[in-house]
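First comes the structure, then the notes that go with it.
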Amino acid sequence: MVISKTFKGFILAILAASLWGISGTFGQFLFQQRGINVEWLITVRMLSTGTLLLLFALLKGDNINHIWKNKRDSKQLLIFSILGMLAVQYTYFAAIKHSNAATATVLQYLAPILIALYLTLKNQRLPVPMEYLSIFLAVSGTFLLVTHGNPTTLLISNTALFLGIASALALAFYSLYPIRLLNSHSAALVIGWAMLVGGTGLAFIKAPWEIEGVWDTHTYVYVGFIIFFGTLVPFYAYLTAVKLIGAQKTSLLASAEPLSATIIAVLWLQVPFTSIDWIGSLCIVSTIFLLTIAKPSR
């Protein structure tokens, strides 16, 4: 059985979103119940993931230094490392620290709207009706899941609001900016270097050996999960999906992230799953089917 590029891209985007949702919930637990430092966690996860991905690229036979020999590529990689890779991780987890995983997620998923607006201007066309509907359902479903339809639950600090909006901008930039790099180099190479460069920059603020917080079995397990399943796997899967199906569809499918965050909260924290939660879930899942039949206007 031959798997189409589109189907593979859809699966990878949903996988990335699901793992991000779980890791965001784990991050909230670590920040608020174990006193783990946000900057430290991001530094460690980026340096670890970057090193592993570059080793993977090296084992595949890639020339990992080749990307730095092209002036345009190296400049673009540096910009992506800081404004894309580092920014999207820091703003999201910092927003979680100052609010919670649900609020941070709903603010971050303003990104599909930003991407759609950018592509509309760039391509000088309007989204087709199915794309309009997908954007509406993705945002509506996310809103229902994390607020139960009550906008007063978004009453958060100015810092959390700023970080949440910055997270949406960073996710949009992260989805759109590296497309040319991904067409010229492997995803492992681009993500690996971006992680390593971004992590090295943040290490000047919080070094990986400056360990804080309460460390027990839960701390070790959740930190390990965030590094491997919350960083290495989903970031690689997400950008591979961008390469296969484009930034707009990938970002819309990534709205599965709040769904996974809700499910883990129900199973782990015993949070009740109400009818509004199911409606929100249906809105998000329906975008997958709508996107498969969406035809770009000419």
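Heads up: the sequence shown begins at 884 in my numbering, then just goes up one per residue.
Using N, Cα and C, we set each Cβ at its ideal position, and we do this for glycine too.
- Of the other Cβ atoms in all chains shown, fewer than 16 fall within 10 Å of the Cβ of ASN948; this residue is therefore exposed.
- Beyond the five residues adjoining it in sequence on each side, PHE1112 comes within less than 6 Å, by CB distance, of LEU902 in the same chain, given in chain order.
- Three or more beta-carbon pairs separated by less than 8 Å are not found between the segment 1049-1062 and the segment 914-926, which leaves the two stretches without contact.
- Between ALA1043 and THR986 a beta carbon distance of about 7 Å is seen, short of the 8 Å cut, so the two are scored as contacting.
- Taking all protein chains in view, the Cβ of PHE890 is surrounded by fewer than 16 other Cβ atoms within 10 Å, so the residue is classified as exposed.
- Excluding sequence positions up to five before and after VAL1097, its CB lies within less than 7 Å of the CB of ARG917, GLY918, all in the same chain and listed in chain order.
- In the structure shown, GLN915 adopts helical secondary structure according to DSSP, grouped into three states.
- Taking C-beta atoms under 8 Å as the contact rule, PRO1091 and TRP923 qualify, at a distance of about 7 Å.
- In this structure, the beta-carbon distance from LEU990 to ALA978 falls below 8 Å.
- Excluding the 5 residues flanking it on each side, THR1083 has same chain C-beta neighbours closer than 8 Å at LEU930, in chain order.
- With the rule of 3 Cβ pairs closer than 8 Å, the segment 1068-1087 does not count as touching the segment 1003-1015.
- Taking the CA atoms as reference points, SER1169 sits about 14 Å from ASP1160.
- If you draw a 10 Å sphere on the C-beta of ARG928, you find 16 or more other C-beta atoms in it, and that means buried.
- Every alpha helix (DSSP H) stretch that sits fully inside the segment 945-979 and reaches 4 residues is listed by chain position as 954-962.
- Excluding its 5 nearest sequence neighbours in each direction, THR1025 has C-beta neighbours in its own chain below 6 Å: VAL989, TYR992, SER1138, PRO1141, listed in chain order.
- THR1114 and VAL1125 do not touch by the CB rule: their CB atoms are close to 17 Å apart, not below 8 Å.
- Taking each of LEU1150, THR1157, ILE1167 in turn and checking the Cα distance to THR908, the smallest one comes out for LEU1150.
- A buried status is given to THR1123, since no fewer than 16 other beta-carbon atoms sit within 10 Å of its beta-carbon.
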